[in-house]
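Here is the structure we will look at, set down as structure tokens.
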Amino acid sequence: MILDRRHLPWAFLVLFATAVAALFYLANFHPKLLPIPFALPPLLGPIPPVRNTVGGTPLGLIFGTLAFMIFLFASAMGARKKRRLWRIGSVQTWLRAHIWLSILTIPLILFHSGFALGGPMTSTLAAVYAIVMASGFFGLAMQQFMPRVMTESLPREVVFEQIPHIRTLLVDFAEKLKKQLDPAEKPAAKPPATAASEGAVAVIEAPLAVEDSQSVILDFLSRECLPYLKKGRGEQHRLGDQKLSDDIFRLLKLNTAEDLHGKVDEMQSWCDDRRLMDLQMRLHHWLHGWLIFHVPFSVALLVLTLWHAWIAMTYLQS
Amino acid sequence: MRRTAKQIAEKYKGNLDYFRKPHYLRRLRGWCFALVALGSILAALGFRYYGRQEFFNTGPLSSNHAQFANRCEVCHDQAEPDLLKVLHLDALGERVHGFSSASLKELPGEAMRHLPTAGDVRAGAAALAHLEPGKRVEGIARKFLEDTTLSKMDRACITCHEAQRLHQPQSAALGLRPVSRELSLVHAAGCASCHPEHTGPAAMKLPTSASCQSCHASAPELKQNLLLVKTDGDAPASAGEIRDLGDGVRRFLPPRQVPHQPASFLSFEQGHPRFGYESPHLRDPGAIRFNHWRHGQSDIPKVDGRALDCADCHKPGSDGAFYQPINFEQHCVKCHSLHFDPDVPTLAIPHGDPEKVRAYLRSLASQYADYALNNRNITDRAELKLFVNTQLEKLQARGMNTVKELEQRVFFTGDPPEVPGRVLTRSNKAQFFAGCAKCHEVERAEIAGAPTIQPTNLADRWLTRGPFTHLPHAHLACLDCHGAAPGSKATSDILLPAQSSCTECHRSLDGDRVEPLKIVATAEGARAELAAKQRREGGIAADCQSCHRYHAPTDADLVLELAAQAKSLSP
Amino acid sequence: MESAIEKLTTGELLTIQELIGCLPALAEVPATLLEKYALGAAVRRRFRAGDIVCREGEYGSTAFFIVSGHVEIFIENPLAAVRTKPGSAWRSFLRRMTSVLVPGEPDLGSESSDAGGFIPIDASVDLPRTTPLAYLGAGELFGEMTCRTFQPRSATVRVSEDCVMVEMLRVILDMLVGTRDPDAETKATTKVRAPTFKGTSFKKHLDDQYRERSLVGHLRAVPLFATLDLEFFNFLRERAELVSCNKGQAICQQGEAADAFYLIRTGLVRVAQSMPGGEMVRTYLKRGEYFGEIGLLFDQTRNATCSALDAVDLVKIDRECFQLMLEKFPVVRATLEDVAKKRMEAARQRKLPAGLQLDEFLSQGLFEAQNLLLIDLDNCTRCDACVNACADAHDGVTRLIRDGLRYDRYLVATACRSCRDPLCMTQCPVGSIRRKESLEILIEDWCIGCGKCAELCPYGNINMHSFEVKKEPAAVKTVVAKQAVVAAKNAPVAAAPAPPAPPKPVPVPTPAPAAKPPVKKVRKTVTVSKATTCDLCTELSIPSCVYACPHDAAMRVDPTEFLAKQIGSRGSQGRVRMRWLSGADEKRTTH
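Chains as they are written, first to last, in the working numbering: chain A, 667 to 984; chain B, 4 to 574; chain C, 492 to 1082.
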């Protein structure tokens, strides 16, 4: 989600809430750091923290509870995205709230923890929290420019989820062409004369025979094009390189009769499509890969937070 | 090659329900999701049932309790986060980890077998002769437990720390003398409010003033948290008294109001109550006539060529913490000699027991004879008799014709006799010797025998609550604190520094001076500079714990402890 | 002259005499013409009970005349709407959606449709919407439209009683009912020089049959006529004029004085309004639908031009008749005024295109679009939420493909753009694709899955989805059909002289009770297909795809206005780089 002017109110809200929280925190725990004395309502807790941890004091608990509620809300985002039809505020509003309220948890958590890691459990929690926040920020950063990068570098972008389907389509096209050119299907045609390499080396002077060209194309198709289209990861293949591929196809055109240039163009467009799809997948991974960390770890965060709260409450009581 | 929208859409024909089958990224995410979620839940359960409970610590335990690091239930009674219990699956829980949550609770007793128990602590304290740890304290403790709302964790604390379970700040003064006892017990704040745990691997820190202030800074808080328990005992003394608590040290015990309402205040320099001896009508109960002012006058004869000085009488003790008790033989006799015959300088009336004095006077003739024999080498019997008679006649000539008259002079009037009770305004050089009654309270025997002399009853310690010692104050001059001494004409004047004068140095570093300086500094040189600096800036220890102990061990312990501390501090 | 006339190969060839024996009306045609054209253009076919004569969705070029026997006509494709498999909320949360076809609610059609409770098919009868089944007996003609305009068959015809039929090519049909003038386009493109015929008494026979059987049903199906009494229907039946139009012929011109009210008997009528920016097709009307009421009602001139898209037969109710009806039945007037007001309001809201003079804009057909799904590619993270939301909103079938051509930084997603000239509607054999008072194009439950609309859409926005459905075996249907036939046989005899059959001429028992008896249900799995297209999520205020977009990328806009504002203002090239300073794009959703 691109950060634009509509995020400003949220940013102000977060800043304001942070300021208020900081004021409360300082007034309660470090009153001397405040330039002007500020008295808190006595409900908000003992002036000196009972332990070095701030979390157990009433104010600390309020910070923690707020942060936990925000966690709950933020993870409700996942459910919200599943229930797309519920008209409970547009997803955009939710996402904006998700982003900014989550940012607000940073000061809340810091104040809740009193800028300390605490014991092993709370340290674990902090680590998980750090992963979730870091992946979230990474995703947010990616969303600022990655869509534009994709738009500019993928002129023939397809639906990402359909890439496997389209790949099989391309392979099908290629197989069809292969069948079409295969001399075995047309008994009249000559057997394939030379390998592609030899054909490529030969200097072309006389107009090429259609049959020869067919065999050249057939050879290219079965040796280069099809393996490339079938390959799981196309980047390593030489057709996976834009310039190299252009050269290869230019050479192929030189070695084939004019009548068959249409076919060569077709093959080239398949390979181009394939290359672009590979690029699209890479870019898509950048844009969406962070979710692999963000979503599972936010669940872990939720579970651990619940656990932390549960344990803290039981120990606080006794 | 230009495509049309239709051609683009054509590509997807036949695969339009692709979104129902999650693609690999989503599947991967799903797997991670399931794995991490399951992992975190398993981790939670695993740690609960098989892991080290230390994991749950909010912070490392102090070294005091390090042995319980993995045994939360020792202190947090019933606080185990037993998920199975919450889900009402106790039976399953028992099967899973072999014991029920209830059986866990029985373990701590076993673990504590080797800990110092309350009994041990008491046994040490009982070495002090007067301390009766007996039933009364037990009774109070029981009542305390019944009347107050101890948290579960507090009960866990007092399992081991039984002897120190009450807030008895006054017990040194009250608990050790047979007066009506009234204990103020704190019943709201638990142990942990002053003794935070999980703050680091070092030893537990002593509470700071802040802990005290959490109650003592506000009157309502104080009142709310205070439970006054009255016990049997004598009525409190109204004028304060001096008692030896069995350790040979005489302490001044100020009177105490019952019931006692502690004051609420912010710090030592702000609102702290005055010291016990500062009540306006309080008198030094010392039974000796001593006039500090008189001893500072110029007509007082020089001692060793110097004018009389504080240090001539007030001499530091061997440990430097306190001054030696005033002692006639050491501090008075130089001027106030007990010679009665100018011809016989070595003969003196013995100091101390009046019976001995009486016996001495009655055997005066033989004393003279002994003197002549030993000091003048008169061995001839007649010569001896002559010497003795001559001296006795000389005494008779001075008006001491009979033994009775002699005793009258020695015990009461001195020689030449003086009207008892008259305050001398200048040095009375006319008198050859002073009677006992010049300094002591002497009472005539009613029928016969020696008069009785009241004990001097001089206090060794005035600050009984706090562990005051002179060591850290060595850079100060006496008069810096005891400034009233040179002007004091009566023994009953209490010449100790007021609480407010302590605060001149004992205040927070940047604390505002509450009152203008009261005392004129008399120290000299570098010591004066240091003193002046301290007074200017404050910052000398002013926290509650410097003087007070919440759980009130006897102040004897405290004094020794702090004296040791002070010694290690002083150069 | 090459032999341009195709010959039928299956079936028994008929001599002229035999042909006249089967179709006596042909005797009126000059013998020379018969000799020249009729030979081989008609065959006799014999069917046994249970044979399928033709299936819905098949292509054909012939019409059938029943010489003897009975057939039943039904829609085989289940009358069904796509629904998400019902399941607990929790299960549906965990699992991906599965969508199935469920029988459409019977009341849905009659309420929401202005064509009443009938599915128009290519025969002289209509299928009731609740139980799409009808019968035809001897002397009936069906498949006329397929023969004439090569539409796919609109229904399945199964022989219920051994049957003899004459299958004929268009030339025979023309002989029987008269030739329609081909429009200029057809004339220009076809090499066939078809002869013209005047038609025979068979035409009158068909008209009478229609008058007798379907007219009242059609009239009654028109909601505003619902309150008329039987007497008035009879009056109308007599007074109404049956009119035929040729392809391309204007039935009424915008701006003319209104003189009559029309009800469509067969064929497709294009309703278009001419505007300063050009002509805009408002809608296409089909069999059973009506037009021309506004002019009569408010004494106005025609506000749209209605022209025949193919051979159109109309029922014309003249002014006096219409006025009489309005006087007699005030309720009719009230409802009619309502409808008319709504139509006019809708027409007024439609704005004129601003006319962006950009090649791309025109070549992509954006000019045609009234409501475009655009995706701002600078914002879009390709999360596919829009597609998923679409599927969610439409019972697990997406009506949107997140790909297409680009216009500037916007992706014109493949989803219905509500064309001004909805080509897709022109050839639906059963009229299930239509547009109502608003922009959205709907496909009704009785879609037979012929795929004509998907083929016609120039942008690939209509998709055919196939579903596996458990279907009752044919036997059950046959039983039902036989009962229906028996009932039908009895009914006309009893009510032969009586005026028209009631709207539901055949009391067809509902399949449910009929299916219950001894016949064992052996359900087999059949794959059927249904066309789907974007309905703009009519019942919701914002289309689901737009609402579900988390990244402010998807939007439904009027392209002319929106793109002129977005791109026109900063030139078609350079992008605004620092958009967050200039504020977000103003987004407008129309629906």
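Cβ atoms here follow ideal geometry from the backbone N, Cα and C, with glycine treated the same way. Since the structure is predicted, the reported quantities are computational estimates derived from the model, not experimental observations.
Quick one: using the 10 Å Cβ neighbour count with 16 as the cut-off for buried, is residue i buried or exposed?
{"i": "C:D451", "result": "As displayed, chain C neither begins before 492 nor continues past 1082, which places residue 451 of chain C out of reach and without an answer."}
{"i": "B:R538", "result": "buried"}
{"i": "C:T796", "result": "buried"}
{"i": "A:G784", "result": "buried"}
{"i": "B:S65", "result": "buried"}
{"i": "A:E827", "result": "buried"}
{"i": "A:T771", "result": "buried"}
{"i": "A:D912", "result": "exposed"}
{"i": "A:K698", "result": "exposed"}
{"i": "A:E818", "result": "exposed"}
{"i": "C:W937", "result": "buried"}
Taking 8 Å as the threshold (beta carbon to beta carbon), is residue i in contact with chain B?
{"i": "A:L738", "result": "no"}
{"i": "C:Q814", "result": "no"}
{"i": "A:H988", "result": "Beyond the ends of chain A as shown, which are 667 and 984, falls residue 988 of chain A; an answer cannot be given."}
With a threshold of 8 Å between beta carbons, is residue i in contact with chain A?
{"i": "C:I892", "result": "yes"}
{"i": "B:F71", "result": "no"}
{"i": "C:C907", "result": "no"}
{"i": "C:L868", "result": "yes"}
{"i": "B:C35", "result": "yes"}
{"i": "B:A12", "result": "no"}
{"i": "C:N879", "result": "yes"}
Less than 8 Å between CB atoms is the rule here; does residue i satisfy it with respect to chain C?
{"i": "A:V757", "result": "yes"}
{"i": "B:Y15", "result": "yes"}
{"i": "A:F804", "result": "no"}
{"i": "A:V825", "result": "yes"}
{"i": "A:M667", "result": "yes"}
List, in chain order, every chain B residue whose beta-carbon is nearer than 7 Å to that of residue i.
{"i": "C:A882", "result": "F22"}
For residue i, write down the residues that DSSP places opposite it in a beta bridge.
{"i": "C:E732", "result": "C:K807"}
{"i": "C:D564", "result": "Here residue 564 of chain C is Ile; the residue named in the question, Asp, does not match the sequence. Paired residue(s): C:A625 and C:V648."}
{"i": "B:P258", "result": "Per DSSP, none; premise fails for B:P258."}
Check the Cβ of residue i against every Cβ in chain B and list those closer than 9 Å, keeping chain order.
{"i": "A:S785", "result": "According to the sequence as given, residue 785 of chain A is Gly; it is not Ser. In chain order: E57, F58, F59, N60, T61, G62, P63 and H201."}
{"i": "C:P623", "result": "Under the 9 Å cutoff, chain B gives no residues; its nearest Cβ is about 27 Å from C:P623."}
Determine the chain B residues that contact residue i at a beta-carbon separation under 8 Å, and present them in chain order.
{"i": "C:D875", "result": "F22"}
{"i": "C:P949", "result": "T7, A8 and K9"}
Which residues of chain A have a Cβ atom closer than 9 Å to the Cβ of residue i, listed in chain order?
{"i": "B:N67", "result": "In chain order: nothing, as chain A lies at least about 15 Å away."}
{"i": "C:C1040", "result": "S756, V757 and Q758"}
If the cut is a Cβ gap below 8 Å, which residues of chain E does residue i touch?
{"i": "B:L28", "result": "Of the chains in the structure shown, none is chain E; the protein chains are A, B and C."}
Can residue i be considered in contact with the ligand HEM, in the sense that its beta carbon sits closer than 7 Å to one or more heavy atoms?
{"i": "C:L632", "result": "This structure lacks the ligand HEM; in fact it carries no ligand of any kind."}
I want to verify the contact list: residues of chain C whose CB lies under 8 Å from the CB of residue i, in sequence order.
{"i": "B:L19", "result": "V888, T889, I892, N954 and H956"}
Residue i versus chain C: which residues are under 7 Å apart at the beta carbon?
{"i": "A:R814", "result": "D869"}
- Length at least 4, wholly inside the region 852-906 of chain C: the alpha helix (DSSP H) runs in chain order: 876-884
- Item | Runs of alpha helix (DSSP H) lying entirely within the region 908-963 of chain C, each at least 4 residues, in chain order | 943-947
- Hey, which unbroken runs of the alpha helix (DSSP H) at 4 residues or more fall wholly within the region 445-513 of chain B? 481-484 and 502-505
- Task: Entirely within the region 885-939 of chain A and at least 3 residues each: give me those beta strand (DSSP E) ranges in chain order.
- Result: none
- At what residue ranges does the region 273-349 of chain B contain a whole run of the alpha helix (DSSP H), taking only runs of 4 or more? 295-298 and 313-316
- Task: Any chance you could list the alpha helix (DSSP H) runs of at least 4 consecutive residues sitting entirely within the region 48-79 of chain B, in chain order?
- Result: 75-78
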